[in-house]
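A.B. asks:
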């Protein structure tokens, strides 16, 4: 929540600067309908910036993405102002007398309006693309694991089914059925894990996990069931992983 508020205040501050430029232009250039219209034009652009800040929490952006969007907006504002200054200098060299204050104020406000809307959409699209690529990679890995487990467990199940067909001992049949059921339950659990992995990306909430602790728990459980297998873990001690 704090990150949302901090970045929103940045957008609000930028909008306030745009509104202030329009007000300063009105006060500095004196009376006249033309000056009033110019001030209204400059100040009206600040509404777009204010709206962007207000809308920020509803956009699917990470805290880093929000700060990046604000930085791009500021860069766009400065770029438009510098471009206006360059145009004014060219006109000045050509002998044209153009009002600098209005040109700079309007260009900066226009840059802020265009920058806030454009940068927000740009960063949001990039983050969505990155998430889609990560999900695609995750699903590909999960598909390989599922296909491997499916092939192995079905081979075992079919093998015991063949054994059941050729035996008449009821106790052996019960043992074989138990093994088959265990293998099929393992397949069901694997498919459920695949569903959970996909559902994580569909959630709007964010949860943070201690990745090291989770890995240690899984390795400890694996060592209990496979005591003859050597498993080592090498990660950064403070490494944490979470969905952004």
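Residue numbers (the working numbering): 765 to 1008.
For every residue, glycine included, the Cβ atom is placed at its ideal position computed from N, Cα and C.
This structure is a prediction, so every number in the text was calculated from the model and none was measured.
Below 8 Å, how does it come out for the region 916-928 and the region 814-833: are there three or more Cβ pairs, yes or no?
C.D. replies: With the cut-off at 8 Å, the region 916-928 and the region 814-833 do not touch.
A.B. asks: Three or more C-beta pairs closer than 8 Å, one from the region 876-888 and one from the region 786-801: is that the case here?
C.D. replies: No, because fewer than three Cβ pairs between the region 876-888 and the region 786-801 fall closer than 8 Å, the two stretches do not touch.
A.B. asks: For residue 835, tell me which candidate among 778, 902, 950, 853 has the shortest Cα-Cα distance.
C.D. replies: Nearest of 778, 902, 950, 853 to residue 835, Cα basis: 778.
A.B. asks: Residues in the same chain with beta-carbon distance under 7 Å from residue 862, minus the five sequence neighbours each way, listed in chain order, please.
C.D. replies: Correct list, in chain order: 852, 855.
A.B. asks: In the DSSP assignment, the alpha helix (DSSP H) including residue 813 goes from what residue to what residue?
C.D. replies: Residue 813 -> alpha helix (DSSP H) spans 797-819.
A.B. asks: Tell me the rounded alpha-carbon separation between residue 960 and residue 899.
C.D. replies: Approximately 12 Å between the Cα atoms of the pair.
A.B. asks: Does the structure place the region 835-844 close enough to the region 881-890 that three or more beta carbon pairs sit under 8 Å?
C.D. replies: The region 881-890 is in contact with the region 835-844.
A.B. asks: Can you check which of these residues, 771, 928, 864, is closest to residue 943 by C-alpha distance?
C.D. replies: If we check each option's Cα against that of residue 943, 928 comes out closest.
A.B. asks: Should residue 1041 and residue 785 be called a contact, given that it needs their Cβ atoms to be closer than 9 Å?
C.D. replies: The requested residue 1041 is not part of the displayed model; the chain covers only 765 to 1008.
A.B. asks: With DSSP as the reference, label residue 972 as helix, strand or coil.
C.D. replies: Looking at residue 972 - three-state DSSP - the assignment turns out to be strand.
A.B. asks: For the putative contact between residue 810 and residue 782, defined by C-beta atoms under 8 Å, what is the C-beta separation to the nearest angstrom?
C.D. replies: Going by Cβ atoms, the distance from residue 810 to residue 782 rounds to 4 Å, so yes, they are a contact pair.
A.B. asks: Whose CA, out of 833, 891, 940, lies closest to the CA of residue 816?
C.D. replies: Nearest C-alpha to residue 816: 833.
A.B. asks: Can residue 830 and residue 887 be called in contact, C-beta distance under 9 Å?
C.D. replies: Cβ atoms of residue 830 and residue 887: closer than 9 Å.
A.B. asks: Mind checking which residues open and close the alpha helix (DSSP H) that includes residue 837?
C.D. replies: Run containing residue 837: 827-857, per the alpha helix (DSSP H) assignment.
A.B. asks: What is the C-beta distance between residue 958 and residue 906, in whole angstroms, given that I count them as a contact (C-beta under 8 Å)?
C.D. replies: That pair is a contact at about 5 Å.
A.B. asks: DSSP three-state label for residue 905, please.
C.D. replies: In this structure, residue 905 counts as helix in the three-state DSSP scheme.
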